[in-house]
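In order, the protein sequences belong to chains G and U.
Mapped onto numbering that gives the first Met the number 0, the consecutive letters of the first sequence carry residue numbers 0 to 228.
Mapped onto numbering that gives the first Met the number 0, the consecutive letters of the second sequence carry residue numbers 0 to 228.
Cβ atoms here follow ideal geometry from the backbone N, Cα and C, with glycine treated the same way.
Before any comments, here is the structure.
There are 2 protein chains.
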Amino acid sequence: MTLEQQLLAHNDQHADANRRRFQEAGVRVVNLLSSPGSGKTALLEALAAAALQGPGGERPLRQAALVGDLATDNDARRLQAAGLPALQINTGQGCHLEAAQVGRALDRLEAEQTPLAQLDLLWIENVGNLVCPAAYDLGESLRVVLVSTTEGEDKPLKYAPMFHGADLVLISKMDLAAAVDFDRTTARAAIARVAPRARLLEVSARTGEGLAALAALLLAAPVTTLAGR
Amino acid sequence: MTLEQQLLAHNDQHADANRRRFQEAGVRVVNLLSSPGSGKTALLEALAAAALQGPGGERPLRQAALVGDLATDNDARRLQAAGLPALQINTGQGCHLEAAQVGRALDRLEAEQTPLAQLDLLWIENVGNLVCPAAYDLGESLRVVLVSTTEGEDKPLKYAPMFHGADLVLISKMDLAAAVDFDRTTARAAIARVAPRARLLEVSARTGEGLAALAALLLAAPVTTLAGR
């Protein structure tokens, strides 16, 4: 076994433990992935502000977030200010989140009065990186990859491994599509090529486009997850 | 020595060999770094199209590029179409370029009728990633980090290690600054905090803003480089 295989096997054990914990709590967990600056945090802020309904439409959607970054707790503070229970995970030099870090953050989250069983959705906002997080299972229910209209239509082809594992691809910053001459046909063709089984949604944190559809799609997904992507 | 230290020591040997080669040829070499989609390739296209003058202003600037991506040769083809000798390096799953890959690409470049000694500037467009390439010296004269107005003003604080090593920080996509409510004061303060010794320039590949200043600044830099960042 190579060192990389050993590291991934170790990660998979922790991912399995997280997965069991999520299944017991009945919470859907999203591993949210993108480049730096594609709008992961802005999307979560907008979802928190959108007063969305929970499953069955009988009460508000209950969400929380774990947020990975090399340094700063800027994102957790932004989300807390938006009304979302949020915890920061700092990775130092680390280019991705690992399942063990998520497990420890889950302990902190529950210790801080946010039991997993009382959530509909838990977001795990990964470190901004279109390469490294792809190989690390966190135990999530769904993998959602964001690519913004300002990044260029060929990014899925150039960072294909990340898109291979996506359950859902979001094209973000749709409000800027006209300003950057976004070519929807080319972008959709690129995504279809590297992520043929993924759903595709266009969203804008600024205008609210696609947010209700996104929440409905996530709530309709099964909690059960696939191990060993 | 840890495995990571061994890998970096191995890389440093190849970086030193590249550095000697650049010094003998008298060519300034830029390691160009950013997130995916910040506009590295668009900047090089615009520089190729700008009909800039070489050192002393007596003839056109002579440039070439090596371009790193996990997959596709899209960027090399874009640069060749813009008139720049360009070679693609595909890294597969690799999240950064390594000095040995650059060394092999230099052999190919020279075999394809682009001798280093006939260049003023050689660009090495790294894999789009604000984390991993920071630790890998390629033998470059200068490290230039791009951050676009569309990514958000706090990216330098969140991806600090990349900015620590920058000689020059470019704020790209200035043409979109108004559309995204770019906060110049906050962005400049963030850059100054994590890259206090770096020069700062605002550029736009679309309007040409800052391109002549960028070329002048690069040509004024010494060819000699610092080992062991």
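With 8 angstroms as the threshold, decide whether the Cβ of residue i is near any Cβ in chain U.
i, result
"G/Leu46", "no"
"G/Asp68", "yes"
"G/Glu150", "yes"
"G/Gln92", "yes"
"G/Leu169", "no"
"G/Pro160", "yes"
"G/Gly207", "no"
"G/Ala220", "no"
"G/Ala104", "no"
"G/Ala178", "yes"
"G/Asp136", "no"
"G/Thr113", "no"
"G/Asp153", "yes"
DSSP puts residue i in a beta bridge; with which residues?
i, result
"G/Arg198", "G/Leu167"
"G/Asn89", "G/Asp68"
"U/Arg27", "U/Leu120"
"G/Gln62", "G/Leu120"
"G/Val143", "G/Leu31, G/Leu167"
"U/Gln52", "U/Pro59"
In chain order, what residues of the same chain have a beta carbon less than 7 angstroms from the beta carbon of residue i, not counting five sequence neighbours either side?
i, result
"G/Leu83", "Leu43, Ala47, Gln62, Ala63, Ala64"
"U/Thr113", "Ala63, Pro84"
"U/Ala220", "Arg27, Ser140, Leu141"
"U/Glu109", "Leu115"
"G/Lys172", "Gly38, Ser147, Thr148, Thr149, Ser203"
Does chain G have any CB closer than 8 angstroms to the CB of residue i?
i, result
"U/Gln4", "no"
"U/Lys39", "no"
"U/Val130", "yes"
"U/Leu175", "yes"
"U/Asp11", "no"
"U/Gln28", "As written in the sequence, residue 28 of chain U is Val, which differs from the Gln given in the question. So, not an interface residue."
"U/Arg61", "no"
"U/Ala186", "no"
"U/Thr1", "no"
"U/Ser34", "yes"
"U/Leu156", "yes"
"U/Gly164", "no"
"U/Ala8", "no"
"U/Asn125", "no"
"U/Ala85", "no"
"U/Val143", "no"
"U/Asn17", "no"
Using the beta-carbon count (16 or more within 10 Å), is residue i buried or exposed?
i, result
"G/Asp136", "buried"
"U/His95", "buried"
"U/Gly227", "At U/Gly227 the pLDDT is 37, less than 50, meaning the model places this residue with poor confidence and gives no usable figure here."
"U/Asp106", "exposed"
"G/Leu31", "buried"
"G/Thr206", "exposed"
"G/Ala133", "buried"
"U/Gly1", "Here the sequence assigns Thr to residue 1 of chain U, which means Gly is not the residue at that position. Label assigned to U/Thr1: exposed."
"U/Gly36", "buried"
"G/Glu150", "buried"
Apart from the five residues just before and just after residue i, which ones in its own chain have a Cβ nearer than 6 angstroms to its Cβ?
i, result
"U/Lys154", "Val146"
"U/His13", "Ala98, Ala99, Gly102"
"G/Ser33", "Lys39, Leu145"
"U/Ala165", "Arg142, Val144, Ala194, Ala197"
"U/Gln87", "Val66, Asp72, Ala75"
"G/Leu69", "Thr90"
"G/Ala41", "Ala204"
"G/Asn10", "Glu97, Ala98, Tyr135"
Excluding five sequence neighbours on each side, which residues of the same chain lie with their C-beta closer than 8 angstroms to the C-beta of residue i?
i, result
"G/Glu152", "Phe181, Asp182, Thr185, Ala186, Ala189"
"G/Pro59", "Ala50, Leu51, Gln52, Gly53"
"G/Val222", "Phe21, Gln22, Gly25, Val26, Arg27, Ser140"
"G/Asp174", "Ser203, Arg205, Thr206, Glu208"
"U/Tyr158", "Leu129, Val130"
"U/Ala111", "Note on identity: in this sequence residue 111 of chain U is Glu, with Ala being the wrong assignment. Cβ neighbours of U/Glu111 beyond the five flanking positions: Pro84, Leu86."
"U/Gly127", "Ser33, Ser34, Pro35, Gly36, Ser37, Lys39, Asp68"
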